[in-house]
Every structure is written in C-alpha cells, then in structure tokens.
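Below: one structure, written as structure tokens.
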Amino acid sequence: MGERRLLSCLIFLVLNIVCEGKGMHRNAYATMMYMGTPRDYEFYIATRVMLRSLVKLKANADLVVIASMDVPDQWVQA
C-alpha cells in the first residue's frame with residue numbers, strides 16, 4: 004500500500020508542476036513505468052517509442068515519465 008501512496012503523491016506533484024505553468028508548455032504527455040507484470044520490458048520499449056515519436060513530431064507539450072522505485076536505473080536514464 005505504501006508504494007501506491009507514494010505513486011499517487013508523485014502523480015499529484017507532477018500534475019501540479021505542469022498545471023502551474025512551471026513546465027515549458029501548457030500541455031503534457033505523461034506515462035508511468037513500473038515493475039511486476041510479465042511484460043515489463045515490452046512496456047518499457049513502448050514508452051521509449053512513444054516518447055521518441057513525440058520528440059520527432061515536435062509535439063508542443065512537456066514529456067513526463069513517472070517511474071516507480073523498482074524500475075531499473077538503465078531504463079530510467081535511457
């Protein structure tokens with residue numbers, strides 16, 4: 004239950020930062036990365052593809068990734 008509470012707090016903080024205009028853009032694309040499913044690596048790849056596509060398309064929005072503590076550091080830094 005502690006992880007869910009922490010994740011909820013992180014989501015709340017990220018949304019507040021984006022909504023208060025401290026980000027570069029008015030809108031944001033946000034996704035979450037967490038572990039514990041049989042398809043963790045596939046979800047990680049899908050997240051990277053989505054973010055790279057948005058960068059390539061020059062989307063006029065902030066890009067936000069919320070990662071739980073158990074996501075490998077290599078995935079977060081990629």
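Per the numbering used here, residue 4 is the first one in the sequence shown, and the count goes up by one each step. Note that beta-carbon positions come from the ideal geometry of N, C-alpha and C, so glycine has one too.
Put simply, of R7, M36, R29 the residue whose alpha carbon is nearest the alpha carbon of I48 is M36. DSSP places A33 outside any alpha helix (DSSP H); the residue lies instead in the beta strand (DSSP E), whose first and last residues are 31 to 36. Judged by their CB atoms, V79 and A33 are not nearer to each other than the 8 Å cut-off.
Residue range 43 to 59 is occupied by the alpha helix (DSSP H) that includes L54. Taken through DSSP and simplified to helix, strand or coil, V67 comes out as strand.
Rounded to whole angstroms, the separation of the alpha carbons of R51 and M38 is 16 Å.
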